[in-house]
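Student: Chains as they are written, first to last, in the UniProt record's numbering: chain V, 1 to 93; chain Y, 1 to 884. Backbone N, C-alpha and C define an ideal beta-carbon position, used for all residues, glycine too. If you're wondering where the values come from, they're calculated on a predicted model, not measured in any experiment. So that we are looking at the same thing, I have put the structure below in structure tokens.
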Amino acid sequence: MPDRPLFLERASFRRRRLGDAARVLPMLAAILVLVPVWWIPAQVSFAAGAVWLFGLWAGLILAIFVLHRALRRADAATLRATQAMARDDDHAL
Amino acid sequence: MPFEALVAGCLAYVALMFGVAFAADRAASRGRVRWLDHPAVYTLSLSVYCSAWTFYGAVGYATRSGLEFATIYLGPTIVFCGAWWGLRRLVRVARMHHVTSIADLISARFGKSNRLAALITLIAVIAATPYVALQLQSVSLSFEVFATDSLTDIPLAGGGGTALWVAAGLALFTIVFGTRNLAADERHHGVVTAIALEAVVKLMAFLALGVFVVWGLAEGPADMLDRIAQAAAGHDGWLLKPDRWTALIVVSGAAIIALPRMFQVLVVEAADEDRLAVAGWAFPAYLFAMSLFVLPIAVMGQQLLPADANPDLYVLTLPAQSGQNWLAFLVFLGGFSAATSMVVVCTIALATMISNHWLVPLWLILRRKPQTGDPEDLRGFVLNARRLAILAVMAVGWVYYRATGGTAALASMGLVAFTGMAQVLPAMIGGLLWRGANRQGAYAGVGTGFALWLALIFLPSVGIGQDPALPPSVDPLAFAICLSLALNTLAFIVFSIFGMPDPVERLQGLSFVSAVDPVRHGRMARGADQVEPLLVMARRVWGAEDALRFFQSEAAAQGKSGYLPDMTPRFLTRLERRLAGSIGAATAHAMIDSVAGGSELTVSDLMQVATEAQRAKEETQRLENARAELARTATQLREANDKLTALSIQKDAFLGQISHELRTPMTSVRAFSEILRSPDLSDADRDRFAKIIYDESGRLTRLLDDLLDLSVLESGQAQLSITPANLHDLIERALSAASATQPQRVFRLDREPLAEYVGVITDADRLLQVLINVISNARKYCDAEPPVLSIRVRRTLRGGAQIDIADNGSGIETARQALIFEKFSRLNDPARAGGAGLGLAICKEIMANLGGEITYLPGQGGAAFRIVLPRRPPVPADAGLRRA
């Protein structure tokens with residue numbers, strides 16, 4: 001019995017931290033895209049720049065994919081835990 | 001490829017699109033929306049962002065400016081990085097309010113103000129018209145590529161006829177599938193499915209061309225990079241300018257939300273916010289795929305085609321020149337898809353805005369107060385208004401295209417539209433995140449941005465006025481974007497700070513910022529006589545069947561039969577939201593007010609709403625408290641039960657113990673009486689046995705006395721005779737009485753006689769009994785040699801007294817200290833001198849009766865007890881009664 005609430009805490013804690021990550025990601029993306037152009041425009045303008053840009057871009061897409069999958073799983077886990085709690089309460093009554 | 005075949009193929013493609021849209025609409029009307037609602041369809045429909053400007057223009061843009069073209073796709077990618085918390089929230093709030101367009105969203109947020117919506121509609125129309133013209137131009141240009149053999153002298157405005165036919169066909173498609181019904185949720189399954197299919201064609205065509213260019217014309221990626229490096233060497237324009245880079249990323253990030261067509265597919269057509277979990281990564285991936293081959297195509301076009309060929313058409317001329325006719329046709333279809341899907345969605349979005357925020361309000365004003373029995377059909381009017389608006393937008397786009405003769409660079413027109421709609425963004429984001437944002441702020445911000453955009457970007461783009469004189473190091477476009485957005489935001493914030501919102505706006509602000517569903521205030525809820533006019537009004541908007549169905553379901557939800565629900569705030573809120581889904585929030589609000597009495601919402605109403613909410617919250621709190629109380633009681637009951645169980649076990653043990661204690665002397669008495677009866681006993685023996693019997697019966701009596709004493713004490717009914725006493729005297733008496741125990745042992749006494757002269761008010765005999773017991777115990781059990789007994793008396797702060805009695809023996813081991821005050825707990829004792837193990841239990845009870853306590857003091861170098869006395873014993877609660 002005492003394991004259950006612990007599980008819920010864990011799930012919602014993880015869900016919140018992933019939410020934080022989802023807030024940070026756009027800022028991180030903006031910094032990664034903007035700073036090199038202000039800093040070393042000559043190096044990132046041509047062929048090497050194309051490699052940098054598309055590599056970064058692919059990385060961002062991958063990051064969003066991984067983050068969203070984790071968020072969906074965390075949401076599902078939180079939901080399951082909440083439902084399990086609700087079921088237990090029903091039995092208790 | 002012959003031109004006729006091209007036209008035929010194109011017509012077949014158009015027919016396919018009509019067929020797909022028709023089939024999807026049919027499926028949706030039969031309720032089979034599962035695959036229509038698939039996240040993939042939603043994601044593909046977002047690709048309407050990639051218009052012909054992307055398809056043809058990106059390559060031209062890359063030819064002129066290198067990597068800068070990517071800003072248009074990086075901005076949306078960064079915005080979609082925040083899809084989970086940003087866009088999902090936007091979609092949730094918009095669905096909650098049945099928002100029909102971006103103008104509707106902003107007007108609903110700022111107190112359902114229609115004038116604000118009309119202003120935003122104006123910006124959208126001005127920004128989008130050249131953009132629509134651009135799409136028409138790109139389609140007619142692409143036809144020209146096939147119609148003429150020369151690559152260099154394609155007339156920009158040559159195919160006026162083609163553009164007209166295209167515009168007419170698109171208008172037809174849009175009217176057929178965009179204005180079929182006036183649904184409450186403004187979703188167009190047919191259109192969305194068709195543009196999803198077009199998105200696939202678009203992507204396939206572009207990827208096929210890219211693969212052909214990289215692996216067919218060049219020799220793989222490494223060779224391609226070399227060629228890019230070569231091409232860049234001769235190009236100053238390819239050097240990225242940080243200010244332009246930043247400004248363009250900001251503007252394109254704004255455009256992905258604020259462009260009317262993007263808002264339409266992203267927010268209005270979304271069934272719920274969950275599909276953004278997939279679109280969040282899939283749409284950036286789509287943009288990535290569309291951009292990947294742009295630079296290679298641009299470079300190959302530059303290297304293989306004549307220097308004066310139009311770079312905006314490289315995607316078509318490159319395969320055509322290489323003899324790849326089918327690839328060229330596929331690319332043509334891709335470009336055609338890009339242009340048509342953009343025009344269709346853009347036109348639907350603009351037509352919705354124009355009809356909801358310009359035409360319907362105008363009509364309502366002109367008609368003043370419509371008669372409730374009026375048979376005329378508002379639904380028909382709204383649909384016709386939209387059809388008219390679609391035709392108007394298409395016609396204006398075509399006229400613009402003819403009048404300007406086509407613009408040389410596709411890119412600039414796209415950016416004009418982006419920067420224009422970006423002016424709406426501060427008000428929108430501010431409205432969603434900041435409760436303090438208000439209508440004055442929105443007017444000021446949007447107005448300032450609009451004016452600056454007109455002066456600095458739009459008018460120069462059509463050749464009126466000119467760019468302001470700037471130092472050469474400052475890019476004019478970046479400057480204009482930065483200035484307009486900064487002043488826009490500043491005006492929005494400043495006017496919001498100094499303005500005062502009206503109550504409707506405050507309610508809406510709360511709803512938008514907290515994403516909660518506030519119920520309409522109570523004053524609207526009047527008698528049932530107003531419900532029928534509402535039904536009549538809803539019928540005029542939705543048609544008789546839909547309106548009746550809605551009213552019936554609302555009545556059923558209230559537990560009523562028939563078609564007329566009560567005028568509850570909840571019902572009015574839902575009705576208004578549903579109407580807003582068809583005609584916009586501001587108009588719906590105005591109409592309901594005009595029918596239902598039009599009472600103004602006041603601050604006191606807001607307070608009432610707040611009070612009701614507060615009351616509900618308190619009720620919840622009360623229930624929660626009651627639940628917690630119950631839980632506490634249950635815990636207490638469980639504890640009490642545990643205690644009772646333990647007591648019952650204790651009682652059984654006590655009975656067992658007592659039987660045992662009584663039996664031992666009884667057995668001796670019986671056995672020796674038995675022996676006494678035998679005749680041949682010597683007198684000495686007889687005497688000895690008689691003495692044993694006498695001693696044992698004495699022990700029995702003592703035990704029974706003790707038990708009696710204990711039970712009297714435990715029941716709290718002991719008679720106390722309270723008198724003043726001197727502790728010194730009591731201790732003296734106790735010492736002399738206790739000296740009878742083990743008289744052979746001589747104890748050294750460690751006392752402070754002077755400190756012992758403490759007067760107490762207590763039952764002296766009972767206290768003496770305790771002292772004797774403790775001292776006797778010390779005499780019995782102290783195993784030290786020589787034994788020392790120390791006695792310390794102190795007055796306590798509250799006027800009581802405290803007596804510590806300690807010996808220097810080995811004391812009592814920690815584990816047993818808790819047990820010594822229990823009944824029959826005798827320490828392991830060979831040395832026990834006839835006690836039954838009740839002594840300390842009796843002491844404890846006596847002290848409890850006297851209002852004090854006796855405790856064991858650990859760590860004193862021997863067995864030590866502390867006896868604490870209060871200033872005077874407590875008066876029993878029922879003493880007065882007993883005396884009476």
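1) Is residue 52(V) close to chain Y, meaning its C-beta is less than 7 Å from at least one C-beta of that chain?
2) Given a threshold of 16 other Cβ atoms within 10 Å of its Cβ, counted over all protein chains shown, does residue 509(Y) qualify as buried or as exposed?
3) Are the C-beta of residue 55(V) and some C-beta of chain Y separated by less than 7 Å?
4) In whole angstroms, what is the alpha-carbon distance linking residue 242(Y) and residue 473(Y)?
5) At a CB-CB cut-off below 7 Å, which residues of chain Y make contact with residue 58(V)?
6) Kindly say whether residue 239(Y), judged by its beta-carbon, lies nearer than 7 Å to any beta-carbon of chain V.
7) Taking 7 Å as the cut-off, decide whether the C-beta atoms of residue 900(Y) and residue 101(Y) are in contact.
8) Answer with yes or no whether the minimum CB distance from residue 72(V) to chain Y is below 7 Å.
9) Identify each residue in the region 8-34 of chain V for which the Cβ-Cβ distance to at least one residue of chain Y is less than 7 Å, and report them in chain order.
10) Terminal residues of the continuous beta strand (DSSP E) containing residue 759(Y)?
11) Between which two residues does the beta strand (DSSP E) holding residue 751(Y) run?
12) At a CB distance below 7 Å, what residues from the region 270-303 of chain Y approach chain V? Give them in sequence order.
13) Where residue 91(Y) and residue 308(Y) are concerned, what is the direct C-alpha to C-alpha distance, given to the nearest angstrom?
14) Taking Cβ-Cβ distances shorter than 9 Å, what residues in chain V pair up with residue 229(Y)?
15) Going along the region 72-104 of chain Y in order, which residues come within less than 8 Å of chain V, judged by CB to CB distance?
16) Would you list the residues sitting across from residue 869(Y) in a DSSP beta bridge?
17) List the residues of chain V whose Cβ lies closer than 9 Å to the Cβ of residue 242(Y), in chain order.
18) Can you tell me which of the three DSSP states residue 794(Y) falls into?
19) First and last residue of the alpha helix (DSSP H) that includes residue 319(Y)?
20) Cβ closer than 8 Å: which chain V residues qualify as neighbours of residue 225(Y)?
21) So, helix, strand or coil for residue 201(Y), using DSSP?
22) Distance, Cα to Cα, residue 40(V) vs residue 282(Y)?
23) Expressed to the nearest angstrom, what Euclidean distance is found between the alpha-carbon atoms of residue 875(Y) and residue 744(Y)?
24) Cβ of residue 385(Y) within 7 Å of Cβ of residue 359(Y)?
25) Determine the direct distance from the alpha carbon of residue 540(Y) to that of residue 375(Y), and round the result to whole angstroms.
26) For residue 33(Y), name the three-state secondary structure that DSSP assigns.
27) Residue 246(Y) touches chain V at which residues, Cβ-Cβ below 7 Å?
28) Taking only the alpha-carbon atoms, compute the straight-line gap between residue 105(Y) and residue 493(Y) and give it to the nearest angstrom.
29) For residue 232(Y), which residues in chain V fall below 8 Å Cβ to Cβ?
30) I need the straight-line Cα distance from residue 814(Y) to residue 788(Y), nearest angstrom please.
31) According to the neighbour-count rule (16 or more other Cβ atoms, all chains shown, within 10 Å of its Cβ), is residue 674(Y) buried or exposed?
32) Looking at the structure shown, is residue 929(Y) part of a helix, part of a strand, or coil, going by DSSP?
33) Could one say the Cβ of residue 67(Y) lies closer than 7 Å to chain V's Cβ atoms, at least one of them?
34) Measure the C-alpha to C-alpha separation of residue 43(Y) and residue 279(Y) and round it to an integer number of angstroms.
35) Using the beta-carbon of each residue, which ones in chain V are nearer than 8 Å to residue 764(Y)?
36) Among 62(Y), 124(Y), 364(Y), 96(Y), which one has its Cα closest to the Cα of residue 417(Y)?
Tutor: In short:
1) For residue 52(V), the answer is no, since every Cβ of chain Y falls outside 7 Å of its Cβ.
2) Buried is the call here.
3) Output row for residue 55(V): interface = no.
4) Taking the straight line joining both Cα atoms gives about 11 Å.
5) Here the neighbours are 288.
6) Yes, its Cβ sits closer than 7 Å to a Cβ of chain V.
7) Examination of residue 900(Y) is not possible in this model, given that chain Y is present from 1 through 884 alone.
8) Yes, its Cβ sits closer than 7 Å to a Cβ of chain Y.
9) Against chain Y - using a Cβ distance shorter than 7 Å - the residues of the region 8-34 of chain V are 19, 22, 23, 25, 26, 29, 30, 33, 34.
10) Residue 759(Y) -> beta strand (DSSP E) spans 759-762.
11) Following the DSSP letters along the chain, one finds residue 751(Y) inside the beta strand (DSSP E) bounded by residues 748-751.
12) Legend: CB atoms of the region 270-303 of chain Y lying less than 7 Å from CB atoms of chain V belong to residues 277, 280, 281, 284, 285, 288, 292, 295.
13) CA-CA distance, residue 91(Y) to residue 308(Y), rounds to 47 Å.
14) By Cβ distance, chain V contributes 46, 47, 48.
15) Cβ contacts with chain V: 74, 77, 78, 79, 80, 81, 82, 83, 84, 85, 86.
16) The partner list for residue 869(Y) (beta bridge, DSSP) reads 801(Y).
17) Neighbours of residue 242(Y) on chain V, chain order: 34, 37, 38, 39, 41.
18) In the structure shown, residue 794(Y) sits in a strand (DSSP, three-state: E or B).
19) Counting along the chain, the alpha helix (DSSP H) containing residue 319(Y) begins and ends at 314-321.
20) From the beta-carbon of residue 225(Y), the residues of chain V found nearer than 8 Å are 47, 50, 51.
21) Judged by DSSP in its simplified three-state form, residue 201(Y) adopts helix.
22) Residue 40(V) and residue 282(Y): Cα-Cα distance of roughly 30 Å.
23) Approximately 43 Å, taken between the alpha carbons.
24) At a Cβ-Cβ threshold of 7 Å, residue 385(Y) and residue 359(Y) count as neighbours.
25) The predicted model places residue 375(Y) with a pLDDT of 49, which falls under 50 and marks its position as unreliable; any figure quoted below should be read in that light. One C-alpha to the other measures close to 8 Å.
26) Residue 33(Y) falls in the coil class under three-state DSSP.
27) Per Cβ cutoff of 7 Å: 34.
28) It is roughly 19 Å from the alpha-carbon of residue 105(Y) to the alpha-carbon of residue 493(Y).
29) The contacting residues are 45, 46, 47.
30) Their Cα atoms are separated by approximately 22 Å.
31) Exposed is the call here.
32) Residue 929(Y) lies beyond the stretch modelled for chain Y, which goes from 1 to 884, so this question has no answer here.
33) By this cut-off, residue 67(Y) is an interface position.
34) Distance from the CA of residue 43(Y) to the CA of residue 279(Y), rounded to the nearest whole angstrom, comes to 5 Å.
35) Near residue 764(Y) there are no residues of chain V at all, since even the closest Cβ is about 55 Å away, more than 8 Å.
36) For the residues 62(Y), 124(Y), 364(Y), 96(Y), the minimum Cα distance to residue 417(Y) belongs to 124(Y).
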